[in-house]
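Q: Would you mind keeping the following structure in view while I ask a few things?
Numbering (the numbering used here), first residue to last: 5 to 315.
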């Protein structure tokens, strides 16, 4: 019998250690490059613009003091946009997270052909862009042209402005955003659930766990890190809501309950397009960055995000 020498305890030479470190940086370099170009650099530039004044369209860096912040945050439209944005985030976060967790747990329990089709349908939904979803939504809920108009007209609904009202506009945006983004979250959670060892599942069944107890005490704790990561990214994503309110406002014209400054992003656009005030728009962007960073720091610090001990 031939025995091979064990390499489990082989010492790591300085050359091998250096190669491993170099390989790690090589894999990180593309991500760090994109992060700097499209994340850190724009944030730094927005910070500079927020303290700048403008003459003939040219920025005078760090010459504006806090004037841009006073203009942006003192505008009566700012509190309206902030309230709408935070209300949307407060409703969309729990709805989106709970829906994605529930659907991923259900899909993880099934293994037949119907389940495979269901997974594909949920995952493909994320491939449809937000603007397309808004246009489809307006078409479906217009009783005059909708294929479901015969169901709405008996209830006295003859125009979309009877359905898309100020009272229901935030829940409508939540539904649109849920359909747009839930597929990606379900894919992430389902992939994480697939990584749970079969031995763990079998041991829980032997111990008498049912579907509920296994999900609550076994599966959800094991994918907690993925849930928290999705919660952070969803907060940032929902803070920048723009497509849904702007397109519904344009599609419904004068009958829309959505004004041109409904969200923070829309208000920032108003300052740039109609006022040429890049500084005030940058000040609003900094607020969004600050709220997103604050939420991320709070979630990470309170949830033991980097904890690896599952006992």
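Glycine residues also receive a C-beta, built at the ideal position from the N, C-alpha and C atoms.
(1) Among 248, 174, 199 and 231, whose alpha-carbon lies nearest the alpha-carbon of residue 188?
(2) Where does residue 158 sit, in a helix, a strand or coil, going by DSSP?
(3) My assumption, with CB atoms under 8 Å, is that residue 242 sits in contact with residue 93. Please give the rounded CB distance.
(4) Along the alpha helix (DSSP H) that carries residue 308, what are the first and last residues, could you check?
(5) Note the first and the last residue of the continuous beta strand (DSSP E) segment covering residue 63.
(6) Helix, strand or coil: which one does DSSP assign to residue 145?
(7) If you count every other CB in all the chains shown that lies within 10 Å of the CB of residue 275, and 16 or more means buried, which is it?
(8) What beta strand (DSSP E) runs, 3 residues minimum, are completely inside the stretch 26-84?
(9) From residue 168 to residue 264, what distance separates their C-alpha atoms?
(10) Could you say which of 28, 214 and 72 lies nearest to residue 279 if we only look at CA atoms?
(11) Does the beta-carbon distance from residue 37 to residue 165 come in below 7 Å?
(12) Out of 298, 170, 288 and 283, which has the shortest C-alpha to C-alpha gap to residue 59?
(13) Apply the 10 Å Cβ neighbour rule to residue 220 and answer buried if 16 or more other Cβ atoms are within range, or exposed otherwise.
(14) Tell me the residue span of the alpha helix (DSSP H) that contains residue 210.
(15) Does the beta carbon of residue 17 fall short of 6 Å from some heavy atom of the ligand NAP?
(16) Could you pull out every unbroken alpha helix (DSSP H) segment of at least 4 residues lying fully inside the stretch 232-267, listed in chain order?
(17) Could you say if the stretch 38-54 and the stretch 280-300 meet the contact criterion of at least three C-beta pairs nearer than 8 Å?
(18) Who are the near neighbours of residue 192 in its chain, counting only those whose CB is closer than 7 Å to its CB and skipping five residues on each side?
(19) Taking three-plus beta-carbon pairs below 8 Å as touching, is the stretch 97-104 in contact with the stretch 175-183?
(20) By alpha-carbon positions, which one of 42, 244, 307 and 78 ends up nearest to residue 225?
(21) Does the stretch 194-211 come within contact of the stretch 137-153, defined as at least 3 CB pairs closer than 8 Å?
(22) Whose C-alpha, out of 256, 295 and 87, is nearest the C-alpha of residue 163?
A: This is what the structure gives:
(1) Nearest to residue 188 by alpha-carbon distance, out of 248, 174, 199 and 231, is 231.
(2) Residue 158 falls in the helix class under three-state DSSP.
(3) About 5 Å separates the two Cβ atoms, so the contact holds.
(4) Boundaries cannot be given for residue 308, as no alpha helix (DSSP H) includes it and DSSP labels it neither H nor E.
(5) 62-64 is the extent of the beta strand (DSSP E) around residue 63.
(6) For residue 145, the three-state secondary structure derived from DSSP is coil.
(7) Label assigned to residue 275: buried.
(8) Taking only runs of at least 3 residues, the beta strand (DSSP E) segments lying wholly in the stretch 26-84 are 57-59 and 62-64.
(9) So the two alpha carbons sit approximately 16 Å from each other.
(10) Among 28, 214 and 72, the Cα nearest to that of residue 279 is on 72.
(11) Contact flag unset, no.
(12) Selection 298, 170, 288 and 283 evaluated against residue 59 yields 283 as nearest (Cα-Cα).
(13) It counts as exposed.
(14) Boundaries of the alpha helix (DSSP H) around residue 210: 202-210.
(15) Because no ligand of any kind appears in the structure shown, any question about the ligand NAP cannot be addressed here.
(16) Whole alpha helix (DSSP H) segments, 4+ residues: 247-256.
(17) Taking 8 Å as the limit for Cβ pairs, the verdict is that the stretch 280-300 does touch the stretch 38-54.
(18) Excluding sequence positions up to five before and after residue 192, its CB lies within less than 7 Å of the CB of 230 and 234, all in the same chain and listed in chain order.
(19) Verdict: yes, contact present.
(20) Comparing Cα positions, the closest option is 307.
(21) As far as the Cβ criterion goes, the stretch 194-211 does not touch the stretch 137-153, which means the pair count is below three.
(22) The residue with the shortest Cα to Cα distance from residue 163 is 256.
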